[in-house]
Amino acid sequence: MASKGLAGGETELYEIDRDLSISVITEADTEDVLELLKRLFFKDEPLNTYVQLGECKELEKYCTKSIHEQSSFKAVNSRGEIVGVILNGMITKPQPGDEPPPKLADNCLHPKFRKIMAMMDYIDEQFDIFELYPDIDRFLDCKILSVDTRYRGMGIAGMLTDRTLDFATRNDIKLLHVLCTSQFSARVMEKMDFAEVYRLPYVDYRVDGEQVFDPAKPHVAVRILTKRLDK
Numbered sequence: 001m002a003s004k005g006l007a008g009g010e011t012e013l014y015e016i017d018r019d020l021s022i023s024v025i026t027e028a029d030t031e032d033v034l035e036l037l038k039r040l041f042f043k044d045e046p047l048n049t050y051v052q053l054g055e056c057k058e059l060e061k062y063c064t065k066s067i068h069e070q071s072s073f074k075a076v077n078s079r080g081e082i083v084g085v086i087l088n089g090m091i092t093k094p095q096p097g098d099e100p101p102p103k104l105a106d107n108c109l110h111p112k113f114r115k116i117m118a119m120m121d122y123i124d125e126q127f128d129i130f131e132l133y134p135d136i137d138r139f140l141d142c143k144i145l146s147v148d149t150r151y152r153g154m155g156i157a158g159m160l161t162d163r164t165l166d167f168a169t170r171n172d173i174k175l176l177h178v179l180c181t182s183q184f185s186a187r188v189m190e191k192m193d194f195a196e197v198y199r200l201p202y203v204d205y206r207v208d209g210e211q212v213f214d215p216a217k218p219h220v221a222v223r224i225l226t227k228r229l230d231k
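Residue numbers (the UniProt record's numbering): 1 to 231.
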């Protein structure tokens, strides 16, 4: 069953294909994943929109660096088009004597993306998930969740999150973590019984006394949400 709707910026009717499947993203999918993200996430994510990010090779690398782990998933229609992705990566607890990881902003050459990465560094300094969950030695980080605007309202974000939860359960991963800059993504996670463990209102994040980000409503805060799978 399919319905037709106008795609953003297109003059021809686009046929919505509701015959969808969820499968693992492989490295062979990298270019197709990036094409979707450049068309949607790079433009629509609240902070990217606010800073007018534009082309950003650093963001491309950030989005795809964990694909080789085979823990990320795609929604594909019967025509083979990727219409949604969830990009995940494993984070392991640092051990005594480990060198501290480099700050995300330090080696970022893109000035607008560096502002976003600097806020992520600030959050890392303020909040340590391993202190909150001292019994956890690794977790799966849901880095990016993006669905084609033509396919929204069909539950695809929930399907991708469900597949991620199933992957975590099968691989004995006891905690899922997601940092949401978008209120829409946060609502998806709350519907999946994720709980907020950290919040940074954009009005409270300042550099040299100046507010750095003021995205459009309803996006008013960065939120970290988690879900334990062993409770």
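Heads up, the beta-carbon is just placed ideally off N, CA and C, and yes, glycines get one too.
From the DSSP output, in three-state form, read off residue i for me.
i, result
"Phe-213", "coil"
"Leu-87", "strand"
"Tyr-62", "helix"
"Arg-223", "strand"
"Thr-26", "coil"
"Ala-118", "helix"
"Asp-204", "helix"
"Ala-2", "Low confidence applies here, because Ala-2 scores a pLDDT of 33, under 50, leaving its location unreliable; read the following figure in that light. Ala-2: strand per DSSP, three-state reduction."
"Val-39", "The sequence given here places Arg at residue 39; Val does not occur at that position. Note: Arg-39 maps to helix in three-state DSSP."
"residue 234", "The chain is shown only over 1 to 231; residue 234 falls outside these bounds and no answer can be derived."
"Asn-107", "coil"
Among the options, which residue has its Cα nearest to the Cα of residue i?
i, options, result
"Leu-59", "Ile-22, Asp-29, Pro-111", "Pro-111"
"Tyr-198", "Arg-223, Gly-209, Lys-57", "Arg-223"
"Tyr-62", "Asn-107, His-219, Arg-152", "Asn-107"
"Leu-165", "Met-189, Ser-185, Thr-181", "Met-189"
"Tyr-145", "Asp-137, Arg-138, Ile-156, Phe-139", "The amino acid occupying residue 145 in the given sequence is Leu; Tyr does not appear at that position. That would be Ile-156, whose Cα lies nearest to the Cα of Leu-145."
Taking its Cβ as the centre, do 16 or more other Cβ atoms sit within 10 Å of residue i, making it buried, or is it exposed?
i, result
"Glu-45", "buried"
"Val-203", "exposed"
"Asp-29", "buried"
"Arg-18", "exposed"
"Arg-187", "exposed"
### Query
Which ranges would you report for the alpha helix (DSSP H) in the region 124-187 if only whole runs of at least 4 residues count?
Taking only runs of at least 4 residues, the alpha helix (DSSP H) segments lying wholly in the region 124-187 are 129-132, 156-170.
Exercise. Touching or not, the region 166-183 and the region 29-42, by the rule of three or more beta carbon pairs under 8 Å?
Worked result: no
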